[in-house]
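Peer 1:
Number of protein chains: 2
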Amino acid sequence: MHLFTIQMAAQLSGLSTHTIRAWEKRYNALTPNRSDTGRRLYTTEEIDRLSLLAQLTHIGNSIGQIANLPDQELKSMFNKLTNAGEKRTIQKKIDVNNFTDPKSTYQNLLMAIKNYKLDIISYELNKAKLNLPPKRFALEIAAPLLTEVGVMVARGQMSISQEHAFSSLLKFHIGHLLFKGYENKNKSQTKIAFATPEGDLHEFGILLSALICCQYEHEFYYLGPNLPAKALAEAVAATEADIVILGTMKGATEKEGLTNYLLSLARDLKPNVSLWIGGEAQFDTKAVKNMRNYQMIKSLSDLDTMLENL
Amino acid sequence: MHLFTIQMAAQLSGLSTHTIRAWEKRYNALTPNRSDTGRRLYTTEEIDRLSLLAQLTHIGNSIGQIANLPDQELKSMFNKLTNAGEKRTIQKKIDVNNFTDPKSTYQNLLMAIKNYKLDIISYELNKAKLNLPPKRFALEIAAPLLTEVGVMVARGQMSISQEHAFSSLLKFHIGHLLFKGYENKNKSQTKIAFATPEGDLHEFGILLSALICCQYEHEFYYLGPNLPAKALAEAVAATEADIVILGTMKGATEKEGLTNYLLSLARDLKPNVSLWIGGEAQFDTKAVKNMRNYQMIKSLSDLDTMLENL
DNA sequence: GACTTCTTGTCTATGTTTTGTATAAGTATT
DNA sequence: AATACTTATACAAAACATAGACAAGAAGTC
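As you go down the protein sequences, you meet chains V and W in turn. Heads up: the first sequence begins at 1416 in my numbering, then just goes up one per residue. Heads up: the second sequence begins at 1416 in my numbering, then just goes up one per residue.
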């Protein structure tokens, strides 16, 4: 388990180091382990506790009254105070800026995720969706949040369930933007199909790609994840799509499996269809190149320029 | 039990600190405990009393008349004065529409799926969403379509890609209804969490269940598919959910795997949390029953009655 | 109607407690 | 050597306590 210095604890909880020490000394709010030389070392649980105390005092509680309560009670207290009676305080904090500042949105979202405030997550995402064009929503909100959340989960600073709840909700909101995109009847010349290979269930790559595609008002067909090669080829033929964007994920498929998938796809796709491959999965580039031209999408902004130059 | 400072009491009751002190001094409206240094400390019951007094004076009662009444009488007085107003029924909300005929919607959708007309699918789903309450959307549109599509794919009358494209889109639309459900900040007593076990990626069961839950305006936490037992238990504890609805799928997990999952879950969940299991997956019912009560959800309409009788 | 009197929310004045932050001096880390 | 952490002490702003004052409105009385 990774331990944090007091400075990191301060940054993560939003308190000052002075305050943290004062709370420890005056109220025994918590008793962090010490290094051999006496320096404080905080666990993630302790930092969560500090964040919780920070939130509760910010709402109006006096630290002296709550410093000694067990984690459990702090959590349920926070739930009660933010759910039922006093939505005001938190609401106020959020509504300060009607025009969305991506940074504050981002911070609010992280805090909401940590506290399982799905309603607030949804509220913030909605606000961002309304105020930002799909491309910016994808590049400035969704993508960085996803990586940040991923990093935090890996570090043990966020739980899997928090990540799940958030990504489910984010998926819904991206989906909302996408199906609204279907309603734009402007038929562009190029049609784009999105899918991930069979066995690869990571959907966010193509979701975000589709959002960027929305921006350029291309006609698109979101076919979803985990699509067998034959099925994908058939769908592309039926829809007369010009471009296939394939999202891959490192580790989701074996190198050989993905290579075979791509070869099978190359065989079945009409020659005039472009194949764009995104993500970090490995495959035998030479073998595939022999059968068909394809392009790699190195990043979302890369995709952006590719679409722009179409 | 945690005690609140006068500031929190003021915030939560909507009064000013001055007024609270005045009511105490002049009318002995209540006698909060004091700290060693003489500061007022309020219990939640006392804050409830303050809120009640605030409400009643706000309506027009004079504080001098009611300040000394016992809690019981304040409550019944409040009930009498407020119950006169509206008693919102769910019924009224439901029967808005005569415009969408589920049958024609259903036929249009099947046709659109067959022709990869994603825009038409989206349009039809949208229309149904607008005209039908979530429950009817789930029971009359989404569920039968899903089974019908499944059957057609099995029979070879529909391709996997058509099924994929449709189910992705349907998922987005259900998600839309769900996150709109988060915006209703009705504070219901029961909170319900939705998830599927680790390894089980079939999401539609809990999606449709959550839709039905929306109807009854319960607070819900959609945690998504593929959630490890520990993570689920943690989320339930953090959100203080009362009911866990677990969607399972025949064949997604081995019988033994699901049994172990449920046993692990039973161990980690608080005893007052209800466990509802839906879907057709097999598990060792006796072993699980030994550890915890659970209920089986036999069908969506079964769930409907279970929620109704809550 | 005009005049008290009572009620009641708010404000002021003054002293105490709580609490965030700053300073100082020594030690550890980089 | 510069930066960061430690403890201990100091200080100032905010919050709270009590006591009393004030004003607008309600109610009672002449």
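Even glycine gets a Cβ: it sits at the ideal position worked out from N, Cα and C.
1. What in chain V is Cβ-close to Leu1584 of chain W, meaning under 9 Å?
2. Please confirm if Phe1514 of chain V has its CB atom under 9 Å from at least one CB of chain W.
3. Can you give the Cα-Cα distance for Ala1527 of chain W and Ile1556 of chain W, rounded to whole angstroms?
4. Check whether the Cβ of Gln1480 of chain V lies closer than 9 Å to any Cβ atom in chain W.
5. Could you tell me whether the Cβ of Gln1577 of chain V comes closer than 9 Å to any Cβ of chain W?
6. Name the DSSP beta bridge partners of Pro1612 of chain V, please?
7. To test your reading of the DSSP string, which unbroken alpha helix (DSSP H) runs of 4 or more residues are found completely within the region 1552-1581 of chain W?
8. Name, please, each residue of chain V whose Cβ falls closer than 8 Å to the Cβ of Tyr1531 of chain W.
9. Kindly indicate if chain W contains any beta-carbon less than 9 Å away from that of Pro1643 of chain V.
10. In the DSSP assignment, the beta strand (DSSP E) including Glu1634 of chain W goes from what residue to what residue?
11. Looking only at its chain, what residues have a beta carbon closer than 6 Å to the beta carbon of Lys1507 of chain W, apart from the 5 residues adjacent to it on each side?
12. Determine the burial state of Ser1576 of chain W: buried for a count of at least 16 other Cβ atoms within 10 Å of its Cβ, exposed for fewer.
13. Looking at the C-beta of Leu1647 of chain V, does it have a partner C-beta in chain W at a distance below 9 Å?
14. Check for me: the beta strand (DSSP E) holding Met1664 of chain V runs from which residue to which?
15. Could you tell me if Thr1452 of chain V is buried or exposed, where buried requires 16 or more neighbouring beta carbons within 10 angstroms of its beta carbon?
16. For the alpha helix (DSSP H) containing Ser1679 of chain V, name the first residue and the last one.
17. Taking the CB atoms as reference points, tell me whether Ala1644 of chain V and Tyr1676 of chain V lie closer together than 9 Å.
18. Name the DSSP beta bridge partners of Gly1693 of chain V, please?
19. With a CB to CB cut of under 7 Å and the five nearest residues on each side skipped, what residues in its chain are close to Leu1496 of chain V?
20. Evaluate the contact criterion for the region 1608-1621 of chain V versus the region 1636-1643 of chain V: three or more CB pairs, one atom per stretch, below 8 Å.
21. How would you label Arg1455 of chain W, buried or exposed, when you count the other beta carbons within 10 angstroms and need 16 or more for buried?
22. Taking 6 Å as the limit between beta carbons, can you name the residues of its chain near Ile1712 of chain W, skipping five residues before and five after?
23. Starting from Met1492 of chain W, find everything on chain V with Cβ-Cβ shorter than 8 Å and list it in chain order.
24. Thinking C-alpha only, which one of V:Lys1595, V:Thr1605, V:Tyr1631, V:Lys1665 is nearest Leu1616 of chain V?
25. Could you have a look at Arg1454 of chain V and say whether DSSP puts it in helix, strand or coil?
26. Hey, how far is the Cα of Leu1592 of chain W from the Cα of Val1568 of chain V?
27. Is the region 1669-1684 of chain V close to the region 1623-1631 of chain V, with three or more CB pairs under 8 Å?
28. Cβ of Leu1524 of chain V within 9 Å of Cβ of Glu1539 of chain V?
29. Among W:Leu1680, W:Phe1581, W:Asp1657, which has the Cα closest to the Cα of Ala1702 of chain W?
30. Where do the N-terminal and C-terminal ends of the alpha helix (DSSP H) with Gln1426 of chain V fall, by residue?
31. Do Gly1662 of chain V and Gly1590 of chain W have their C-beta atoms within less than 9 Å of each other?
32. Which residues bound the alpha helix (DSSP H) around Val1688 of chain V?
33. Mind pulling the chain V residues with CB within less than 9 Å of Gln1422 of chain W?
34. Answer yes or no: does any C-beta atom of chain W fall closer than 9 Å to that of Lys1507 of chain V?
35. According to DSSP, Lys1606 of chain W sits in a beta bridge with which residue or residues?
36. Given this structure, state the Cα-to-Cα distance separating Lys1595 of chain W from Asp1534 of chain V, to the nearest angstrom.
Peer 2: Working from what's here:
1. If you number the second sequence from 1, residue 1584 of chain W lands on position 169. Near Leu1584 of chain W (Cβ distances below 9 Å), the residues of chain V are Gly1590, Leu1593, Phe1594, Tyr1597, Tyr1637, Gly1639.
2. Sequence index remark: in the first sequence, residue 1514 of chain V carries index 99 (1-based). Unreliable placement is indicated for Phe1514 of chain V, whose pLDDT of 42 sits below 50; no coordinate value is reported for it.
3. For the purposes of this step, residue 1527 of chain W is taken as the residue at position 112 of the second sequence. For the purposes of this step, residue 1556 of chain W is taken as the residue at position 141 of the second sequence. Near 14 Å, if we compare the C-alpha coordinates of Ile1556 of chain W and Ala1527 of chain W.
4. Taking the first sequence and counting its residues from 1, one reaches residue 1480 of chain V at position 65. Cβ-Cβ to chain W under 9 Å: yes for Gln1480 of chain V.
5. By one-based count along the first sequence, residue 1577 of chain V stands at place 162. Closer than 9 Å to some Cβ of chain W, the Cβ of Gln1577 of chain V qualifies, so yes.
6. The residue labelled residue 1612 of chain V in the question sits at position 197 within the first sequence. BP columns for Pro1612 of chain V point to V:Leu1642.
7. 1558-1570
8. The residue you call residue 1531 of chain W lines up with position 116 of the second sequence. Within 8 Å Cβ-Cβ: Tyr1636, Ala1650, Ala1653, Thr1654.
9. Walking along the first sequence from the start, residue 1643 of chain V turns up at place 228. So yes, Pro1643 of chain V belongs to the interface.
10. Your numbering for residue 1634 of chain W matches position 219 in the second sequence. That run of the beta strand (DSSP E) goes 1634-1637.
11. The sequence position of residue 1507 of chain W within the second sequence is 92, counting from 1. Here the model assigns Lys1507 of chain W a pLDDT of 34, short of 50, so the residue's position is not dependable and the matter cannot be decided.
12. Taking the first residue of the second sequence as 1, we reach residue 1576 of chain W at position 161. It counts as buried.
13. Here residue 1647 of chain V corresponds to residue number 232 of the first sequence, with the count starting at 1. For Leu1647 of chain V, the answer is yes, since a Cβ of chain W falls inside 9 Å of its Cβ.
14. The sequence position of residue 1664 of chain V within the first sequence is 249, counting from 1. No beta strand (DSSP E) holds Met1664 of chain V; DSSP gives it neither H nor E.
15. For the purposes of this step, residue 1452 of chain V is identified with residue 37 of the first sequence, where counting begins at 1. Classification of Thr1452 of chain V: exposed, given that the 10 Å Cβ count is below 16.
16. Stepping through the first sequence from its first residue, residue 1679 of chain V is reached at position 264. Its alpha helix (DSSP H) spans residues 1670-1683.
17. Here the question's residue 1644 of chain V lines up with position 229 in the first sequence. Here the question's residue 1676 of chain V lines up with position 261 in the first sequence. Going by beta carbons, Ala1644 of chain V and Tyr1676 of chain V fall inside the 9 Å limit.
18. Locating residue 1693 of chain V in the first sequence gives position 278, counting from the first residue. For Gly1693 of chain V, the pairing in a beta bridge is given by DSSP as V:Gly1662, V:Ile1712.
19. Taking the first sequence and counting its residues from 1, the one referred to as residue 1496 of chain V is at position 81. Excluding residues within five positions, the ones whose Cβ falls inside 7 Å are Ile1474.
20. yes
21. In the second sequence, counting from the first residue as 1, residue 1455 of chain W sits at position 40. Looking at its Cβ environment, which holds 16 or more other Cβ atoms inside 10 Å, Arg1455 of chain W is buried.
22. Taking the first residue of the second sequence as position 1, residue 1712 of chain W is located at position 297. Taken in chain order, the residues that qualify are Trp1691, Gly1693, Leu1718.
23. Here residue 1492 of chain W refers to the residue found at position 77 of the second sequence. Those within 8 Å of Met1492 of chain W in chain V number zero; the least Cβ separation is about 20 Å.
24. Residue mapping note: residue 1616 of chain V aligns to position 201 of the first sequence, counting from 1. Taking only the C-alpha atoms, the option nearest Leu1616 of chain V is V:Lys1665.
25. For the purposes of this step, residue 1454 of chain V is taken as the residue at position 39 of the first sequence. If DSSP states are grouped into helix, strand and coil, Arg1454 of chain V belongs with coil.
26. If you number the second sequence from 1, residue 1592 of chain W lands on position 177. If you number the first sequence from 1, residue 1568 of chain V lands on position 153. Answer to the nearest angstrom: the Cα atoms are 28 Å apart.
27. no
28. The residue given as residue 1524 of chain V occupies position 109 in the first sequence. The residue given as residue 1539 of chain V occupies position 124 in the first sequence. Cβ atoms of Leu1524 of chain V and Glu1539 of chain V: closer than 9 Å.
29. In the second sequence, residue 1702 of chain W corresponds to position 287, counting from 1. Looking at the Cα atoms, W:Leu1680 is the closest of the given residues.
30. Position 11 of the first sequence, counting from 1, holds the residue named residue 1426 of chain V. Note, Gln1426 of chain V: alpha helix (DSSP H), 1421-1428.
31. Residue mapping note: residue 1662 of chain V aligns to position 247 of the first sequence, counting from 1. Residue mapping note: residue 1590 of chain W aligns to position 175 of the second sequence, counting from 1. Going by C-beta atoms, Gly1662 of chain V is not nearer than 9 Å to Gly1590 of chain W.
32. The residue you call residue 1688 of chain V lines up with position 273 of the first sequence. No alpha helix (DSSP H) holds Val1688 of chain V; DSSP gives it neither H nor E.
33. Walking along the second sequence from the start, residue 1422 of chain W turns up at place 7. Ordered by position in chain V, the residues that pass the 9 Å Cβ test against Gln1422 of chain W are Gly1475, Asn1476, Ser1477.
34. Counting from one through the first sequence, the residue named residue 1507 of chain V turns up at place 92. Bear in mind that a pLDDT of 34 at Lys1507 of chain V, under 50, signals an unreliable position, so the number given afterwards is only what the model happens to contain. Not closer than 9 Å to any Cβ of chain W, the Cβ of Lys1507 of chain V fails to qualify, so no.
35. Here the question's residue 1606 of chain W lines up with position 191 in the second sequence. Note: Lys1606 of chain W sits in a beta bridge opposite W:Glu1634.
36. Here residue 1595 of chain W is taken as the residue at index 180 of the second sequence, counted from 1. Here residue 1534 of chain V is taken as the residue at index 119 of the first sequence, counted from 1. Rounded to whole angstroms, Lys1595 of chain W to Asp1534 of chain V spans 9 Å at the Cα level.
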